[in-house]
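Here the sequence shown stands for residues 185 to 404, where the numbers follow this note's numbering.
Cβ atoms here follow ideal geometry from the backbone N, Cα and C, with glycine treated the same way.
Structure first, then comments.
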Amino acid sequence: MNSVPKKAFIFDLDGVIVDTAKYHYLAWKKIADALQINFTHEHNELLKGVSRIRSLDIILELGNITATVEQKNQWLAQKNADYLSYLVDMDSSELLPGVLETLQFLKEKNQAIVLGSASKNARPILEKTGIIDLFDAVVDGNDVTNAKPDPEVFLIGAQKVNIIPENAIVFEDAVAGIQAANAAQMISVGIGKAEILNEAHYVFTDFNEMGLAFIEKLIK
Ligand code: BG6
Ligand code: MG
Numbered sequence: 185m186n187s188v189p190k191k192a193f194i195f196d197l198d199g200v201i202v203d204t205a206k207y208h209y210l211a212w213k214k215i216a217d218a219l220q221i222n223f224t225h226e227h228n229e230l231l232k233g234v235s236r237i238r239s240l241d242i243i244l245e246l247g248n249i250t251a252t253v254e255q256k257n258q259w260l261a262q263k264n265a266d267y268l269s270y271l272v273d274m275d276s277s278e279l280l281p282g283v284l285e286t287l288q289f290l291k292e293k294n295q296a297i298v299l300g301s302a303s304k305n306a307r308p309i310l311e312k313t314g315i316i317d318l319f320d321a322v323v324d325g326n327d328v329t330n331a332k333p334d335p336e337v338f339l340i341g342a343q344k345v346n347i348i349p350e351n352a353i354v355f356e357d358a359v360a361g362i363q364a365a366n367a368a369q370m371i372s373v374g375i376g377k378a379e380i381l382n383e384a385h386y387v388f389t390d391f392n393e394m395g396l397a398f399i400e401k402l403i404k
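Below you can see the structure in the form of structure tokens.
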């Protein structure tokens, strides 16, 4: 019998499993350029982990632009169509370093694997990259009403696999996502730059740097 207590390992998608943050940026940049709004990589940090509609509002605020609901819906549709065009040829080669090894290791160790993403495009991305079957639960932008930094997405994720928040670990690349994990009373692990993700309990540049020994420690 396996006596190791099961924990929930909750993965954000964009910027943690796949490097789609760059595609979100490119698609938003096109809209911003057309509206003559100065939109830099630094501004883009504000959009990470944030819902599609909130992202548009942030960009419009940067340019001091107000718009009707119809106009906003048109930009949202345009952004998503453009974003999806970058995903057409996506396959497992776009998984970020160490992600597959980490997922497989957690599976071997009989831990619960959960997706907790703000994206409404999460499922097709997990399918295209061939990892959807490794997940015990998927919670995405279609399932939540409150966006990160609200903890809702992670709390629903842990609940789906019957694990209490204290036994859940969240991997996140976004400041809003780290705040959401902390608000959920979970262990937050930042994937990215320590100076940006300074509210996380731990930060690594990627899963290779983190290593499986660290995961093993979290399981115990
Ligand atoms: C998050 C991304 O994962 O999903 C955000 O970090 C994005 O940049 C959000 O806006 C919503 O994604 P989508 O695919 O529903 O537009
Ligand atoms: Mg992310």
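- For Leu284, the uninterrupted alpha helix (DSSP H) segment begins and ends at Val283 to Glu292.
- Restricting attention to beta strand (DSSP E) runs no shorter than 3 residues, the segment 304-353 encloses them at 321-323, ordered along the chain.
- In this chain, Ile237 is not harboured by any beta strand (DSSP E); it is covered by the alpha helix (DSSP H) spanning Arg236 to Leu246.
- Cβ neighbours of Ser235 within its own chain (closer than 6 Å, five residues either side excluded): Ala302 and Ala331.
- Residue environment analysis places His225 among the exposed positions, since fewer than 16 neighbouring C-beta atoms fall within 10 angstroms of its C-beta.
- In this structure, DSSP gives Ser276 a helical state, which the three-state scheme calls helix.
- Placement of the Cβ of Ala261 at a distance of 7 Å or more from every heavy atom of the ligand BG6 is found.
- Relative to the ligand BG6, the nearest heavy atom lies less than 7 Å away from the CB of Lys232.
- With a threshold of 7 Å, the Cβ atom of Val200 counts as near the ligand MG, since some heavy atom of the ligand is closer than that.
- For Ser269, the uninterrupted alpha helix (DSSP H) segment begins and ends at Val253 to Leu271.
- Taking a C-beta distance under 8 Å as the contact criterion, Lys263 and Ile215 qualify as a contact pair.
- Considering only Ala296, Ser276 and Thr204, the residue with the shortest C-alpha distance to Lys232 is Thr204.
- Between Asp324 and Ala306, the CB-CB gap stays under 8 Å.
- With three or more CB-CB distances shorter than 8 Å, the segment 288-304 counts as touching the segment 341-355.
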